[in-house]
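In this note's numbering, the protein residues as written are 21 to 1197. The beta-carbon is built from N, C-alpha and C at its ideal position, and this holds for glycine as well. Note that the coordinates shown come from a computational prediction; the quantities given were computed from them, not determined experimentally.
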């Protein structure tokens, strides 16, 4: 049990280094001696020894100067704290009760009866294994044949050779690294010399796990007269355990008849650690009268507090592990079939050491609260996250001991429970969540510890206890999440995770649980997501988009459902699947998912549906980059209710499904009612999840997955090469740098593939979705394995549906499975009547008044957290406003920050700074939402690539002429404009639109310039310098066709000043804006690109941009786009420019220009290097 490597080595690195330095010399000497001995006695092994690499398993020297084996991959040792004593004790027990396998006499015991005996009700003494155990004789001094299962460190072999005369010694060691380690530290030189003296024949079966033991022994019998053999199992493994069990229960006859095959645990409860300490079973008994009394008292307490647990355990019979008691009254666990014990000689001491080790270096996973992406950085929520993240880093504490008061702890693994008593004796625990997958273990704890006192103590202190018994991790996250949401998920920021024992069968489940709990807050819904989801949903319903009906499968016939659905993702394997999709295009419903659309377009495949899941506007950018708006208009869009209205405009018809749990869904169904509409539970996090969930709900029986890889074997090939992630075969951006792609999962057609967390979660959700539906799913993708989907190579795909069947199914899906709401025009007024904006304004004001009060103690901060939680739920119950729907997630984040700060530092400075940041955030929320509740999201992705599509469309439409007046030295500007304008067609008429581009470092004599250009020509006048306010305002009033482009750079580029953060990067990029500004010149008076600094403070930015802002003090309204801001011409409404002519959607801003509107995100180190390199080129 005590196998965590931290328990074995000194915490003081210097002490550990000293002991390792000393033992290194011993290891070197012993290795040389052993090699010499093997070369002398078994030279054939030398090559084997030397080729073994210790990749993940090695020797460590523990605090006591003893050798142990450690697997650095999992951070666990093979043996316990005293390997030498433990191995000696094992030899004592095994030699006292040895296992002999008689090769000449068949054991007539019926195997079926043996299995039944193990299941008999009763005590340890009644088990077949124990009855066999007490009948075993001692290991004789002279042994004909001994089979040893496992070498490990090899110390037991030294003992066996020394104390016995063995004729044939067969040694199995499946783990070559163990054997190599034993050569470093065990005295093989003595073993080989003494074996030679005694005439012992040694048969090393390296990298063999014993499954061929029958053929190996039979082969030995052909050469030597062997009547039987003794079996000595050194450590546990599934194959070793099976060999031992069959030898005990059925003898050689059974072993020969059934053989040894690969073995998998039927349940995590059957797991046995590789090394278990040997105990003398003769000294153990069933739980005593005192322990039985403890059981009775505990059950009475559970009957009072947890009646379900009482009902489960009042007449419980252990299935695999039996509770036993030693002479000291300590409860241990013994496995019925093999008699291995879970603990060593003192379970109480082991539990104490285990807990003390955790207490000394506690594990608090905390929460992943930050946001590492760039796309949504402008969201109010993420601005708050960014500011508070720096606060949290400032107060991060060094690894310290477990505090006296624990706000929250998850305890995974009860065992017999002694560590729980120690926990409550030494700490005040406010909230404890106990998870024990093994019912037998929990049952044993009822004999061992005083649960009755623990339960009554928690009740008296008004604490909280949650107990989950028997769950192998399948439903644990869902159950725990329900618990945390009932308290407030922010408590996870102060939740310790204590895993009291290790079970390899549960490693994946525990790791997944911890991953999921860490992202509860960061992956939850927050203000910006909720507000845009609600406004987009309102717009979709107002437009009358058909909604997925409740139980839509009832509207399809059997024949409709038999039509296969091809769900096409953008994984790298899509490239090889194109031919298959083309072959059966007319016989299946084809659904493109997200960025797969561009790959299908390049192969002339028009899907029946295109699916999108993201509600931000980046979907508009990705779809536009297909560069064929007529193609998009041939496709129907399917999505969830938060889909961006601009994305909807690109497609033919739009079909919507409500996404379960979203604020936009819950609030809309408060108005519409839930009875008539389906809510998709598994439509996240990727668009493939949406498509699979939706078509399984519709009732389609056959789904084929193409390019739904959710992983990749080559990190540079993460999506289809034909998709928008690549241009001319090169990545648009460094995908690996932006995503953690180091996670390894099982592959569909290969052993493993790489993936990222989002894809891993997507895989899990798809598996849950498939498990709830009786459909057949074929995974034709060369990516991650998906449980519930059958791997199907592309050459095995065979579709029998006809094109007429497909057409009929499509018609029924579009017309019967979906339906619009009645009177869609009236929906917005119904929604606004249900959720009053004035009520929201009032509630926000009250909220902000509470936040304005400074904290005078940490306790006040804790109380403030409770008040915020109570206020948000009170708003929900009042049912007057959208406060709960808009702010629930963001308030949970704020509470998590306050909770973490309160528990981490006694200083109120950080807490008060967080409070002020929170107040600022709430004020921004109030101004932003109350000012324009129906605003749409303005997020952009790969802006330049999308703009290029629109610029090309504008330049090639109609008759246009262009003239240029640019300094000859500005070669890049000339090249860029010439390249863009080369697309223009030769005018067919003299009556065409004329455009003039004038760019100078400084614009002087503006009046004469304008007279030379002419008032009827659309003119774009660009300059690096400021233009006098009097001239600009006069020009503004004239309503001429001149537009001004200010690329403010008062001095020549100074790279050191840029790197120091004093000035932005204003040089070569100016030309990229010109074509786009030409497209919008008709309605825009002034264009102002945003500025990119690096390592720059707010003061540095203010200092540089202050003159520009001062010269623009006359501006009363403007539109902020992703890369620039626009000031409309006089008489042009700013709201009419919400979308420009190159695909940008902007935010209308009232009042003077704010500095934040002029700033891009600061350039990182890699970006700076690229920019400077571009200049030098």
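Exposure label - residue i; buried when at least 16 CB within 10 Å
{"i": "residue 1181", "result": "exposed"}
{"i": "residue 238", "result": "exposed"}
{"i": "residue 1153", "result": "exposed"}
{"i": "residue 772", "result": "exposed"}
{"i": "residue 551", "result": "buried"}
{"i": "residue 1012", "result": "exposed"}
{"i": "residue 307", "result": "buried"}
{"i": "residue 898", "result": "exposed"}
{"i": "residue 472", "result": "buried"}
{"i": "residue 1202", "result": "Residue 1202 is absent from the model: the chain starts at 21 and stops at 1197."}
{"i": "residue 527", "result": "exposed"}
{"i": "residue 252", "result": "buried"}
{"i": "residue 401", "result": "buried"}
{"i": "residue 753", "result": "With a pLDDT of 49 at residue 753, under the threshold of 50, the modelled position of that residue is not reliable, and no figure is offered here."}
For residue i, the residue or residues it bridges with in DSSP
{"i": "residue 765", "result": "773"}
{"i": "residue 91", "result": "77 and 96"}
{"i": "residue 983", "result": "1016"}
{"i": "residue 248", "result": "122"}
{"i": "residue 191", "result": "168 and 224"}
{"i": "residue 24", "result": "96"}
{"i": "residue 17", "result": "One cannot answer for residue 17 here, as it falls past the ends of the chain, which runs 21 to 1197."}
{"i": "residue 341", "result": "355"}
{"i": "residue 699", "result": "678"}
{"i": "residue 720", "result": "None, per the DSSP bridge assignment."}
{"i": "residue 1198", "result": "Given a span of 21 to 1197 for the chain in the structure shown, any question on residue 1198 remains unanswerable."}
{"i": "residue 613", "result": "631"}
Continuous beta strand (DSSP E) stretch holding residue i: start and end
{"i": "residue 728", "result": "No beta strand (DSSP E) holds residue 728; DSSP gives it neither H nor E."}
{"i": "residue 632", "result": "629-632"}
{"i": "residue 451", "result": "451-456"}
{"i": "residue 949", "result": "No beta strand (DSSP E) contains residue 949, which is instead part of the alpha helix (DSSP H) from 928-951."}
{"i": "residue 484", "result": "484-489"}
Minimum C-alpha distance to residue i - residue among the options
{"i": "residue 968", "options": "573, 999 and 836", "result": "999"}
{"i": "residue 357", "options": "680, 380, 267 and 1190", "result": "267"}
{"i": "residue 1110", "options": "183, 1021, 1146 and 1081", "result": "1146"}
{"i": "residue 24", "options": "369, 236, 297 and 377", "result": "377"}
{"i": "residue 703", "options": "687, 683 and 679", "result": "679"}
{"i": "residue 655", "options": "626, 1115 and 682", "result": "626"}
{"i": "residue 1006", "options": "354, 809, 975 and 40", "result": "975"}
{"i": "residue 896", "options": "637, 854, 1042 and 264", "result": "854"}
{"i": "residue 798", "options": "812, 1157 and 789", "result": "812"}
{"i": "residue 1117", "options": "1081, 950 and 1096", "result": "1081"}
{"i": "residue 711", "options": "677, 1135 and 35", "result": "677"}
{"i": "residue 709", "options": "945, 1048, 575 and 632", "result": "632"}
{"i": "residue 570", "options": "1175, 838 and 295", "result": "838"}
{"i": "residue 807", "options": "537, 661, 789 and 816", "result": "789"}
{"i": "residue 346", "options": "768, 191 and 311", "result": "311"}
{"i": "residue 508", "options": "395, 1054, 427 and 977", "result": "427"}
Residue i, enclosing alpha helix (DSSP H) - first and last residue
{"i": "residue 308", "result": "That residue, residue 308, is in no alpha helix (DSSP H); it is neither H nor E in DSSP."}
{"i": "residue 620", "result": "616-622"}
{"i": "residue 348", "result": "Here residue 348 belongs to no alpha helix (DSSP H), and DSSP marks it neither H nor E."}
{"i": "residue 959", "result": "First-last for residue 959: undefined, no H or E at that position."}
{"i": "residue 271", "result": "271-278"}
Query raised in the report: Is the region 449-464 touching the region 419-438 in the sense that three or more CB pairs, one from each, lie closer than 8 Å?
Result: Verdict: yes, contact present.
Requested in this report: Take every Cβ of the region 563-570, pair it with every Cβ of the region 780-790, and state whether three or more of those distances are shorter than 8 Å.
Outcome: These segments do not touch.
Query raised in the report: So, do the region 947-966 and the region 926-939 have three or more beta carbon pairs nearer to each other than 8 Å?
Result: Taking 8 Å as the limit for Cβ pairs, the verdict is that the region 926-939 does not touch the region 947-966.
Query raised in the report: Would the region 594-610 and the region 886-901 be scored as touching if the rule is three or more Cβ pairs under 8 Å?
Result: Contact between the region 594-610 and the region 886-901 is absent: fewer than three C-beta pairs spanning the two stretches fall below 8 Å.
Query raised in the report: With contact counted as at least three CB pairs below 8 Å, one residue from each stretch, are the region 673-693 and the region 898-917 in contact?
Result: Enough Cβ pairs lie closer than 8 Å, so yes.
Query raised in the report: Does the region 84-104 come close enough to the region 154-168 that 3 or more CB-CB pairs lie under 8 Å?
Result: No: fewer than three Cβ pairs fall under 8 Å.
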